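If you use my numbering, the sequence shown closes out at 492, no skipped numbers anywhere.
Here's the structure we're looking at; comments come further down.
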Amino acid sequence: MKNRHLTDSFRCAFRGIFQAFKTERNFKLHVLATIIVLLLAWYFNFTKWEYIILVITILIVMITELLNTAVEYTVDLVCGNKYNQLGKYAKDIAAGATLLAAFGAVIIGCILFIPKI
């Protein structure tokens, strides 16, 4: 059913984020890492541009994790308890996207933090 009001769309979106936080271990780890990284950025007195790069990087990782979770739920919904090779590919590829985003975040984090240490 389509949302009638913009506020309904926002409510559904926030509900999805909270659902992922409640049920997905990796999303919780990403949130914890985000908090630690932002506290370290504050401690090291990052510039505005360093914060911008950091926030964009964090968002990319969080977005890919949410999309990965959506793919996993969709495959599980369609396939149920039956093994499906294409479903496995979809899940593995979505997880791979998240892994690449996380690797990129680590590289960017090293570029931003190592000179400050």
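No residue lacks a Cβ here, since even glycine has one placed at the ideal position from N, Cα and C.
Remember, it's a predicted structure, so these values are computed and weren't measured experimentally.
Can you tell which of the options has the C-alpha that lies nearest to the C-alpha of residue i?
i	options	result
LEU429	ARG400, ALA477, VAL446, ARG379	ALA477
GLY484	GLN394, CYS454, ILE411	ILE411
VAL436	THR449, VAL406, PRO490	VAL406
LEU404	ASP451, ILE433, LEU452	ILE433
PRO490	CYS387, ALA416, THR409	ALA416
Might you give, ordered along the chain, the residues of its own chain that have their beta carbon closer than 6 Å to the beta carbon of residue i, omitting 5 neighbours on each side?
i	result
THR473	THR439, GLU440, ASN443
GLU425	LEU487
Among the residues of its own chain, which have a CB less than 7 Å from the CB of residue i, if the five just before and after it don't count?
i	result
VAL450	GLY462, ALA465, LYS466
Secondary structure, alpha helix (DSSP H): runs of 4+ residues fully inside the segment 377-405: 381-398
Specify whether the segment 393-413 and the segment 432-450 touch according to this definition: at least 3 beta carbon pairs, one from each stretch, less than 8 Å apart. yes
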